[in-house]
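Engineer: Chains as they are written, first to last, in our numbering: chain R, 107 to 250; chain X, 36 to 151.
There's a structure below that I have some questions on.
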Amino acid sequence: MSFTREFEIVGGDFASAGRVSTEIKAMLRGIGYPPDVIRRTAIASYEAEMNTVMYARRGSVRLGLEPGVIHLVFADEGPGIPDIGLAMQEGFSTATDEMRERGFGAGMGLPNIQRNADRLEITSEVGRGTRLDITVLTDEEAGR
Amino acid sequence: MTLADIAQRLGLEVRAGADHLDREVTGGYVSDLLSDVMAHSEAGDLWVTLQIHENTVAVASLRELAGVILVGGREPEEETVKRANAEGVPILVTPLRSYEVVCGLIGAGVKGRAIP
Ligand SMILES: Nc1ncnc2c1ncn2[C@@H]1O[C@H](COP(=O)(O)OP(=O)(O)OP(=O)(O)O)[C@@H](O)[C@H]1O
Ligand SMILES: [Mg+2]
């Protein structure tokens, strides 16, 4: 079994933000993954989707399903992350006042992804964009 | 304790997701920071917040929360109501503030997780 599907994400489109992750979650549930796997994938996907909406001009996510593994690859065109180590620290955020008023900018998104994914790889080029490779293992023994 | 029972006891008004008030409430979470709710809420929690915009719906739906209570007399934005109805997320409103809502929830028998 192997399956891939790609979704577009529009930067700045707060009204639609979260829809892609909601759709991905519904798909995973339809396939019948364990609840814990669905929960962890949904959290990681939502945080990456929101970051794309908040910081990038545009982006996409490719969902890949293989036996035992869920892959999410988020790639965006945007400002990039100058210091990934700093961005990974809980509490660090460059969110605008407007975003903060809406409850974003706790600086918890990337740490949430790290906690829920079995593997996270971030690559970024300043002025060009950011790519997140997220892996969630789906075998119950591999879960946490 | 269902959402309908809680709505009645606390005098909450329903603004969206009226078809899902039979949901069991198993805990609560109070926060206005969306990533905090993503990280630390649990499925079945009732989320107490003052955020009225549509992004709360995705959070409640993805985390499988029982519903959302908007405090301090705040009303959900129109888009929030639409999306909440579409995704089956109950939204209830009250003039009470967060602390009073929490007191009401405890009085109704919704226990905090750390409290035995
Ligand atoms: N795709 C991205 N493009 C550019 N910068 C990003 C991207 N994702 C994250 N960042 C940077 O990393 C910081 C930390 O991201 P993180 O998701 O942890 O927190 P946040 O988005 O600021 O707040 P929260 O996720 O809690 O609402 C962001 O403030 C931003 O500066
Ligand atoms: Mg974020």
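No residue lacks a Cβ here, since even glycine has one placed at the ideal position from N, Cα and C.
Computed from a prediction, not measured in an experiment: that's the story for all the values here.
1) Along chain X, in chain order, which residues have C-beta atoms closer than 9 Å to that of Ser127(R)?
2) Residues of chain X with a CB under 7 Å from the CB of Ala162(R): which are they?
3) Could you tell me which residues DSSP pairs with Ser108(R) in its beta bridges?
4) What three-state label does DSSP hand Val137(X) in the structure shown?
5) Could you give the residue range of the alpha helix (DSSP H) that holds Asp189(R)?
6) In the stretch 71 to 88 of chain X, which residues sit with their C-beta less than 7 Å from some C-beta in chain R, listed in chain order?
7) Using only the heavy atoms of ligand 2, determine whether one of them is closer than 7 Å to the beta carbon of Asn157(R).
8) Mind listing which residues of the stretch 195 to 226 of chain R have their C-beta closer than 7 Å to chain X's C-betas, in chain order?
9) Which value, in whole angstroms, describes the spacing of the CA atoms of His177(R) and Gly170(R)?
10) How long is the line joining the alpha carbons of Ile228(R) and Leu238(R), rounded to whole angstroms?
11) Val179(R): which of Ser127(R), Ile190(R), Phe198(R) sits nearest, CA to CA?
12) So is Glu114(X) in contact with chain R if we call contact Cβ pairs under 8 Å?
13) Looking at the structure shown, is Ser127(R) part of a helix, part of a strand, or coil, going by DSSP?
14) Beta-carbon of Asn90(X) versus every beta-carbon of chain R: anything under 8 Å?
Structural biologist: Inspection of the coordinates gives the following:
1) Ala93, Leu97
2) Per Cβ cutoff of 7 Å: no residues; Ala162(R) is ~17 Å from chain X at best.
3) DSSP lists no partner for Ser108(R).
4) helix
5) Looking at the DSSP string, Asp189(R) is not in any alpha helix (DSSP H), and its letter there is neither H nor E.
6) Asp71, Met73, Ala74, Gln86, His88
7) Yes, ligand 2 has a heavy atom inside 7 Å of this Cβ.
8) Arg208, Gly209, Phe210, Ala212, Met214, Gly215, Asn218
9) 5 Å
10) 5 Å
11) Ser127(R)
12) yes
13) helix
14) yes
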